[in-house]
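Working notes for the structure below.
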Amino acid sequence: MKILGIDPGLVKTGWGIIETDGNKLSYIASGLIKPDAGQEMAHRLKEIDEALQKIVTDFEPGSAAIEETFVNKNPASALKLGLARGVAMTVPARMGLSVGEYPANLVKKSIVGAGKAGKGQVGMMIKTLLPTCGDLSEDEADALAVAITHAHHRESVLKFGGKLSGASR
């Protein structure tokens, strides 16, 4: 099964696709969606929507996963990120995919073994787990980490209605 992982953002939305065959993970593709920062919000969100729709159409994943947003100190920034996250969740759902949600600490624990791991540690482990992925941006590595987490936890997520909370589950 192919899994689309998404690391949402208004400046850069990272995406990555892996394929699972039992316990075997394979890298398929990854990239960044970079909406034009000079555009108004609605057009930036439209760019994310259209790019994700093309990715789902081109790669035909069987499910998708997205990182939950942590609470930001700046409410305006959190709201803007929430808009990008909403689009990133809606596109795969609109196209018939189940969408799992994972807190950042669970993603890090699943990939590195520690819920407070840094982005560099996550990136190194992604290259270890998916050696054919080549050089990745932090956002691509995070998206692939979400996809791998979904591969490991998707059965539990289905039982909990698409969301798995907490690093201990």
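Taking the numbering used here, the leading residue of the sequence shown gets 14, the next gets one more, and so forth.
Yeah, the Cβ is synthetic: ideal placement off N, Cα and C, and Gly gets one too.
Treat the numbers as computed from the prediction; the structure is a model and nothing was measured.
For L58 and G131, the gap between their C-alpha atoms comes out near 28 angstroms. In the displayed model, D148 falls within coil according to three-state DSSP, outside both helix and strand. By a beta-carbon distance limit of 8 angstroms, E81 contacts E114. Their separation comes to about 5 angstroms.
Excluding its 5 nearest sequence neighbours in each direction, G29 has C-beta neighbours in its own chain below 6 angstroms: G18, S43, E153, A156, L157 and A160, listed in chain order. A distance below 7 angstroms between beta-carbons, with the five flanking residues on each side excluded, links K140 to the following residues of its chain, in chain order: C146. Taken atom to atom, the span from the alpha-carbon of G51 to that of N36 is near 43 angstroms. For the pair I61 and G99, the Cα-to-Cα distance works out to about 10 angstroms.
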